[in-house]
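To start, the structure under review is shown below, and the notes come after it.
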Amino acid sequence: MTAGATYTPIATTTFSGGTTYTFSSIPSTYTDLVLVVACSSAALETMILRFNGDTGTNYSWLRILGSGSSASSLYLSNQSAAVGGFMDNGQYVNITNIMNYSNTTTYKTTISRMNAPSSYAGAFTSMWRSTSAINSITILGDSGGTFNNGKATLYGIAAA
Amino acid sequence: MANPTMTLIASVTVGSGGAATIDFTSIPSTYTDLCLLTSFRSNRANNVDDIYITLNGSTSSFSNKYLQGNGSSASSGSVARYYGSCPAASGSTTSTFSNDLLYMPNYAGSAYKSFSGDTVMEYNGNPAYAALNAGLWSNTAAITSLSLSMTGSFVQYSTATLYGISNT
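Sequence order for the protein chains is A and B.
Just so you know, we're using our numbering here: the first sequence kicks off at 377 and counts up by one.
Just so you know, we're using our numbering here: the second sequence kicks off at 969 and counts up by one.
Structure (structure tokens):
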């Protein structure tokens, strides 16, 4: 059974090294986007997201984290990227939902579920202070780490 | 444009006799990711029961980190094979069930298998739980079966639905 045209792969890439990847020419025909990144990295670092190549301090984010022994939360404004989760030397998976990504009226918000089972469980919310439609998403580590042994896939979800 | 994809693999609804386990077997390797959506209640004589995952019949080489809120505080811990929590027979409001989501990318690949789990257990009483769950099975085998179990048994009307998601 196919559950309707609501979870459509837009693009995918396989990683065996490489420090960044850009999903470009994202069509505006969906309502929401889902980005799934499942890889490993050499060391623990933050996986950041940039929209439409914007490297300005136009992002803010909040996180909740569990380390296996304690819980914490952090908020930072005027950042140069959104956050999609953590990368670590275990096999991790970060799942980011980007809502209403193609509208040209509102700032864009995201929710990311971060799963780095060797390090942390948690979630990030991010905001990009731009009314532009998102037409590209770049993923990279904030310390320049590599994406190994995995994949990244961008899906589109249509409300109708 | 690629084809739409979120395809039902199998669905289970527990009958009147209850069930000690919920099993998905012969999972095809034709998808990229798996998504499991569940709603559970336990017959355990407690107000909550924890649910555990078994992959390919294995209960070893699992690790976990979870972040949990109980309505008054947040905490974190590690419980191998932890999948989620659900209301149980004693102390939780009748007819309340959990709501859980498991996402497992690259389940048929040769890398270790990581998964993301969200679970909520709320029964109009205290404590209630919401948890974010990061799990890892340190095994390179493709996943062909998935089982869920708990201290008690799954009661009637518990449901589990497994979907396959393809990236092509």
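A virtual CB, placed ideally from N, CA and C, is assigned to each residue, including glycine.
- prompt: When DSSP labels each residue in this structure, what does Ala535 (chain A) get in the three-state scheme?
  reply: In the first sequence, counting from the first residue as 1, residue 535 (chain A) sits at position 159. DSSP, read as helix, strand or coil, puts Ala535 (chain A) in coil.
task: For Thr1051 (chain B), decide whether its Cβ has a neighbour in chain A, counting only Cβ atoms nearer than 8 angstroms.
output: What you label residue 1051 (chain B) is simply residue 83 of the second sequence in a count that begins at 1. One detail in the question is off: residue 1051 (chain B) reads as Tyr in this sequence, not Thr. No, because no Cβ of chain A sits closer than 8 angstroms to the Cβ of Tyr1051 (chain B).
Proximity test, Cβ basis, 8 angstroms: Gly1132 (chain B) and chain A: For the purposes of this step, residue 1132 (chain B) is taken as residue 164 along the second sequence, with counting starting at 1. Answer no: the Cβ-Cβ gap between Gly1132 (chain B) and chain A never drops below 8 angstroms.
query: CA-CA distance, Thr973 (chain B) and Gly1132 (chain B)?
result: Position 5 of the second sequence, counting from 1, holds the residue named residue 973 (chain B). Position 164 of the second sequence, counting from 1, holds the residue named residue 1132 (chain B). Roughly 8 angstroms between the two C-alpha positions.
field: Beta-bridge pairing of Arg1009 (chain B) - partner residues as DSSP gives them
entry: Within the second sequence, residue 1009 (chain B) is the residue found at index 41, counting from 1. None; Arg1009 (chain B) has no bridge partner.
- request: Go ahead and pull the three-state DSSP assignment for Thr1119 (chain B).
  value: Residue 1119 (chain B) sits at position 151 when you count from the first residue of the second sequence. Thr1119 (chain B): strand per DSSP, three-state reduction.
query: If you draw a straight line from the C-alpha of Ile386 (chain A) to the C-alpha of Phe500 (chain A), how long is it?
result: Taking the first residue of the first sequence as 1, we reach residue 386 (chain A) at position 10. Taking the first residue of the first sequence as 1, we reach residue 500 (chain A) at position 124. Distance between the alpha carbons of Ile386 (chain A) and Phe500 (chain A): 23 angstroms.
- request: Report the option in A:Ala419, A:Asp430 and A:Asn454 whose CA atom is closest to the CA atom of Thr514 (chain A).
  value: In the first sequence, the residue the question calls residue 514 (chain A) occupies position 138. For Thr514 (chain A), the nearest C-alpha among the options comes from A:Asp430.
message: Tell me the residue span of the beta strand (DSSP E) that contains Phe1083 (chain B).
response: Numbered from 1 along the second sequence, position 115 holds the residue referred to as residue 1083 (chain B). Note, Phe1083 (chain B): beta strand (DSSP E), Lys1081 to Met1089.
message: Would the region 1113 to 1123 of chain B count as touching the region 1019 to 1026 of chain B if we require 3 or more Cβ pairs under 8 angstroms?
response: yes
task: Express the C-alpha separation of Pro1073 (chain B) and Ser1134 (chain B) in angstroms, rounding to a whole number.
output: Here residue 1134 (chain B) is taken as the residue at index 166 of the second sequence, counted from 1. Here residue 1073 (chain B) is taken as the residue at index 105 of the second sequence, counted from 1. Approximately 10 angstroms between the Cα atoms of the pair.
Assumed close pair Ala1099 (chain B), Gly1052 (chain B) - CB separation to whole angstroms, cut-off 8 angstroms: Residue numbering aside, residue 1099 (chain B) sits at position 131 when the second sequence is read from its first letter. Residue numbering aside, residue 1052 (chain B) sits at position 84 when the second sequence is read from its first letter. Contact flag correct, Cβ pair sits at about 7 angstroms.
task: Could you tell me whether any Cβ in chain B is nearer than 8 angstroms to the Cβ of Met377 (chain A)?
output: Position 1 of the first sequence holds residue 377 (chain A). Note that Met377 (chain A) scores a pLDDT of 35, beneath 50, so its modelled location is shaky; the value from the coordinates is reported in the next line. It does: the Cβ of Met377 (chain A) has a partner Cβ on chain B nearer than 8 angstroms.
- prompt: For Ser1063 (chain B), which three-state DSSP category applies?
  reply: Residue mapping note: residue 1063 (chain B) aligns to position 95 of the second sequence, counting from 1. Coil at Ser1063 (chain B), not helix or strand.
Counterpart residues of Ser449 (chain A) in DSSP-defined beta bridges: As a first step, residue 449 (chain A) is located in the first sequence; it is residue number 73 there, counting from the start. For Ser449 (chain A), which the question treats as bridged, DSSP gives the partners A:Ile440.
Burial state of Pro996 (chain B) (16 or more Cβ within 10 Å): Locating residue 996 (chain B) in the second sequence gives position 28, where the first residue counts as 1. With fewer than 16 Cβ atoms within 10 Å of its Cβ, Pro996 (chain B) is classed as exposed.
- prompt: Taking the beta strand (DSSP E) that Asn1101 (chain B) falls in, what are its first and last residues?
  reply: Residue 1101 (chain B) sits at position 133 when you count from the first residue of the second sequence. Run containing Asn1101 (chain B): Tyr1097 to Trp1105, per the beta strand (DSSP E) assignment.
- prompt: Should Leu516 (chain A) and Phe399 (chain A) be called a contact, given that it needs their Cβ atoms to be closer than 8 angstroms?
  reply: Along the first sequence, one-based indexing puts residue 516 (chain A) at 140. Along the first sequence, one-based indexing puts residue 399 (chain A) at 23. No, they are not a contact pair.
message: Report the CB separation of Ser502 (chain A) from Leu420 (chain A) in whole angstroms; it is logged as a contact under 8 angstroms.
response: For the purposes of this step, residue 502 (chain A) is identified with residue 126 of the first sequence, where counting begins at 1. For the purposes of this step, residue 420 (chain A) is identified with residue 44 of the first sequence, where counting begins at 1. At roughly 19 angstroms, the Cβ-Cβ gap does not stay under 8 angstroms, so Ser502 (chain A) and Leu420 (chain A) are not in contact.
message: Which residue wins for smallest C-alpha separation from Ile487 (chain A), given the options A:Thr407, A:Leu411, A:Asp464 and A:Lys527?
response: Locating residue 487 (chain A) in the first sequence gives position 111, counting from the first residue. Among A:Thr407, A:Leu411, A:Asp464 and A:Lys527, the Cα nearest to that of Ile487 (chain A) is on A:Leu411.
query: Is Ala1056 (chain B) helix, strand or coil by DSSP?
result: Within the second sequence, the letter at position 88 stands for residue 1056 (chain B). Collapsing the DSSP output to three states places Ala1056 (chain B) in coil.
message: Using a Cβ-Cβ distance cut-off of 8 angstroms, determine whether Arg426 (chain A) contacts chain B.
response: Numbered from 1 along the first sequence, position 50 holds the residue referred to as residue 426 (chain A). It does not: the Cβ of Arg426 (chain A) has no partner Cβ on chain B nearer than 8 angstroms.
query: Residues in its own chain within less than 7 angstroms of Asp1007 (chain B) by CB, not counting five upstream and five downstream?
result: As a first step, residue 1007 (chain B) is located in the second sequence; it is residue number 39 there, counting from the start. The question names Asp, but residue 1007 (chain B) in the sequence shown is Ser. Sequence-distant partners of Ser1007 (chain B) (beyond 5 residues in either direction) whose C-beta falls short of 7 angstroms from its own C-beta, in its chain, are Phe1065, Ser1066, Asn1067, Ser1126 and Thr1127.
message: Here's a check: name, in chain order, each residue in its chain whose Cβ is nearer than 7 angstroms to the Cβ of Gly1045 (chain B), leaving out the five neighbours to either side.
response: In the second sequence, the residue the question calls residue 1045 (chain B) occupies position 77. So the qualifying residues of the chain are Tyr1034.
- prompt: Between the region 429 to 456 of chain A and chain B, which residues of the former have a C-beta closer than 7 angstroms to a C-beta of the latter?
  reply: Ile440, Leu441, Gly442, Ser443, Gly444, Ser445, Ser446 and Ala447
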